[in-house]
Each structure stands twice: as structure tokens, then as C-alpha cells.
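Count along the sequence shown from 1, add 8, and you get the number used in the numbering used here. Even for Gly, the Cβ is constructed at its ideal location relative to N, Cα and C. A short worksheet on the structure shown next.
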Amino acid sequence: PVLVLIIFMYTAVVLQFPPISNAAETLGLIVFSNRGLVVPWGEGAEQTRLFLVLLGSGLMLAMTAAVWRTRRHDASGEPHRRVLWGGGVLLLVAVAAHLSLSAPGTISLPSREGRVVTGGIQLGSEYAALLIALVLYTASHIAEIVRGSILAVPRGQTEAANAIALSGFQRLRYVILPQALRVLVPPLGNQYLNLTKNSSLAVAVGYFELTRITGQIIANGNPAPQSIGILMLCYLLLSLTIALVTNFVNRRLRLEGRS
Numbered sequence: 009p010v011l012v013l014i015i016f017m018y019t020a021v022v023l024q025f026p027p028i029s030n031a032a033e034t035l036g037l038i039v040f041s042n043r044g045l046v047v048p049w050g051e052g053a054e055q056t057r058l059f060l061v062l063l064g065s066g067l068m069l070a071m072t073a074a075v076w077r078t079r080r081h082d083a084s085g086e087p088h089r090r091v092l093w094g095g096g097v098l099l100l101v102a103v104a105a106h107l108s109l110s111a112p113g114t115i116s117l118p119s120r121e122g123r124v125v126t127g128g129i130q131l132g133s134e135y136a137a138l139l140i141a142l143v144l145y146t147a148s149h150i151a152e153i154v155r156g157s158i159l160a161v162p163r164g165q166t167e168a169a170n171a172i173a174l175s176g177f178q179r180l181r182y183v184i185l186p187q188a189l190r191v192l193v194p195p196l197g198n199q200y201l202n203l204t205k206n207s208s209l210a211v212a213v214g215y216f217e218l219t220r221i222t223g224q225i226i227a228n229g230n231p232a233p234q235s236i237g238i239l240m241l242c243y244l245l246l247s248l249t250i251a252l253v254t255n256f257v258n259r260r261l262r263l264e265g266r267s
């Protein structure tokens, strides 16, 4: 169970890391000790907000270019290359914004000096254990879902792709994945829903997530019904958002039959 995995990661893995005085470093990028992990992080500058605004504008232009190429493809039949056009527009805007704003941000790398680690961002031991446990648990389920979805495609489809001399990449891109995605999306959405709910188990290792914060609010003398209601509303909104995205993608991938 995921609860056992979280507790195991906290007590048997993260807390067994070396103390901060002997903290280990990985390639000069990650410092880990029994206090948690310190990883590289970005440091903003004066132009960071303007850079993010320009990057968002570039993303909108990239989406517009992709839609335009799709319509050209539908109208004339020429290759759409929407990924190439959209990615090119976004890359061009990002490079132009970076050059014009003269380094809008930098990457802060962690470094240990005695018992102090400077730079980067610190992930506490509780958060590190929760992150590792949930990543391993959820990734293993998603990997099995992807494998099963690919195997669910009839073997005859692969043989037909081989018969018309498609390469391995073309076979995967044009034949297998489009059919596997229709099987993949619903259980994948369920995994993201489970991930949202499983995050509440962080209270078992003392991490202050939404559930424990609600308990602390109630312990401070605030009304319990209202506090629990807000907690339920937060999880409901998260679940509904994930369900809406999953249903939207599922409808886009659905086969249109004759009416």
C-alpha cells in the first residue's frame, strides 16, 4: 500500500542519509542529507516577470500557428507540420526575449559549506520521502497502464504496418499509439485522481499538507464543520478539474461512428 511505502521511504531511506556535516553531493547538482534534498533552482531578476509575460505571449502565438497549419492541412491536404511551426515560433520568441532582456534569470546551484548548504532550494525530509514514494508508486502503475494499452492494439495492426514497409517509428506514431491512446486515457486519468488523494497521506510522516493544516486550524479553535467543508471543496475542485481534462482528451480521441 502507498501508506506503507511513504513510511518506509521516510524511516528507512531518507532518515538514513548521512548527516548534514557529511552530506553527499551528486555531480555538484544535488545535496542530500537526513534533513532532505537541496536541488538547483531558478533565481529571478528584475526582468523575470517581463520575460514570463513574453514567454506566455510566445506560447499563444505558437498555438495560433499550430491551429493555422491544421486548417491549411484540412483545406489543401499539405503536411501540417504544426509541431515544427509551433515549436519554432515559441523558440524564436524565447530566444529573442532572453537576448533582449540580458539574462532575465539565473540557476542557483547548491553548495555545502560545513553544516550549511547555500543556493538551490531545500526539500525537507518529509517532503522528499513523500515525493519519492508517490513518484515510484504512481509511475509503476502508469507504466503498466501504458504497456497494457500498447499490447491491447490487435497484432494484425502491427503486421499490416510492416506489410506497407513502415519504419518502427512510423509504425508506433501512426498505427499503434493512436489506437493505444483510446485505451490509455481513462485509467491514466484515474491515476492522477489517485495521486491527488494519496497526497493527503503525507500527514503520516508529519508533512504539513492540506489535511494536516485543516487539522491544525480546527485545533486552534476554529469551527470544524466549515474547515472540513473547505477541505472537501478543495479536493472536489482538484478532482473535477482532472476529470474534465480527462473527459476532454477522451472525447478528442473517440472514434466517430456513423449516426
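Sequence-distant residues of its chain with Cβ nearer than 7 Å to residue i (five each side left out)
{"i": "phenylalanine 40", "result": "Phe25, Ala31, Ala32"}
{"i": "histidine 255", "result": "Note that residue 255 is asparagine in the sequence shown here, rather than histidine. Taken in chain order, the list of residues that qualify is empty."}
{"i": "glutamate 86", "result": "Arg80"}
{"i": "isoleucine 158", "result": "Ile184, Ala188"}
Opposing strand residues paired with residue i [DSSP bridges]
{"i": "alanine 136", "result": "DSSP lists no partner for alanine 136."}
{"i": "threonine 126", "result": "Ser119"}
{"i": "glutamate 51", "result": "Thr114"}
Test item: CB-CB of residue i and residue j under 9 Å
{"i": "tryptophan 49", "j": "glycine 128", "result": "yes"}
{"i": "valine 10", "j": "alanine 151", "result": "no"}
{"i": "leucine 180", "j": "leucine 109", "result": "no"}
{"i": "alanine 188", "j": "valine 211", "result": "no"}
{"i": "leucine 144", "j": "leucine 252", "result": "no"}
{"i": "valine 191", "j": "alanine 160", "result": "yes"}
{"i": "isoleucine 115", "j": "glutamate 51", "result": "yes"}
{"i": "isoleucine 15", "j": "arginine 120", "result": "no"}
{"i": "alanine 74", "j": "valine 101", "result": "no"}
{"i": "tyrosine 182", "j": "alanine 169", "result": "yes"}
{"i": "leucine 286", "j": "leucine 37", "result": "The question about residue 286 has no answer here: the residues shown for the chain are numbered 9 through 267."}
{"i": "threonine 249", "j": "isoleucine 238", "result": "no"}
{"i": "leucine 98", "j": "glycine 66", "result": "yes"}
{"i": "proline 112", "j": "leucine 185", "result": "no"}
{"i": "glutamine 224", "j": "threonine 146", "result": "no"}
Delimiting residues of the alpha helix (DSSP H) encompassing residue i
{"i": "serine 84", "result": "56 to 84"}
{"i": "valine 183", "result": "No alpha helix (DSSP H) holds valine 183; DSSP gives it neither H nor E."}
{"i": "arginine 259", "result": "232 to 261"}
{"i": "threonine 166", "result": "163 to 171"}
{"i": "threonine 19", "result": "First-last for threonine 19: undefined, no H or E at that position."}
{"i": "leucine 174", "result": "Run containing leucine 174: none; DSSP gives neither H nor E here."}
{"i": "leucine 209", "result": "Segment: none, leucine 209 is in no alpha helix (DSSP H) and carries neither H nor E."}
Spatial neighbours of residue i in its chain, beta-carbon cut-off 6 Å, leaving aside the 5 residues before and after
{"i": "glutamate 134", "result": "Val213, Gly214, Tyr215"}
{"i": "valine 103", "result": "none"}
{"i": "alanine 136", "result": "Val22, Gly44, Leu45"}
{"i": "threonine 219", "result": "Ser208, Val211"}
{"i": "tyrosine 18", "result": "Ala137, Val213"}
{"i": "valine 125", "result": "Val39, Val46, Pro118"}
{"i": "threonine 78", "result": "His88, Arg90"}
{"i": "isoleucine 226", "result": "Ala232, Ser235"}
Boundaries (first-last residue) of the beta strand (DSSP E) holding residue i
{"i": "leucine 45", "result": "44 to 47"}
{"i": "alanine 32", "result": "32 to 34"}
{"i": "glycine 113", "result": "113 to 116"}
Collapsed DSSP secondary structure at residue i in the structure displayed
{"i": "serine 108", "result": "helix"}
{"i": "leucine 131", "result": "strand"}
{"i": "isoleucine 38", "result": "strand"}
{"i": "histidine 88", "result": "coil"}
{"i": "glycine 229", "result": "coil"}
{"i": "alanine 151", "result": "helix"}
{"i": "proline 194", "result": "helix"}
{"i": "alanine 160", "result": "coil"}
Residues of its chain near residue i, where Cβ-Cβ distance is below 8 Å and the 5 sequence neighbours each way are ignored
{"i": "glycine 156", "result": "Val191"}
{"i": "threonine 204", "result": "Tyr243, Leu246, Ser247, Ile250"}
{"i": "arginine 262", "result": "Arg190"}
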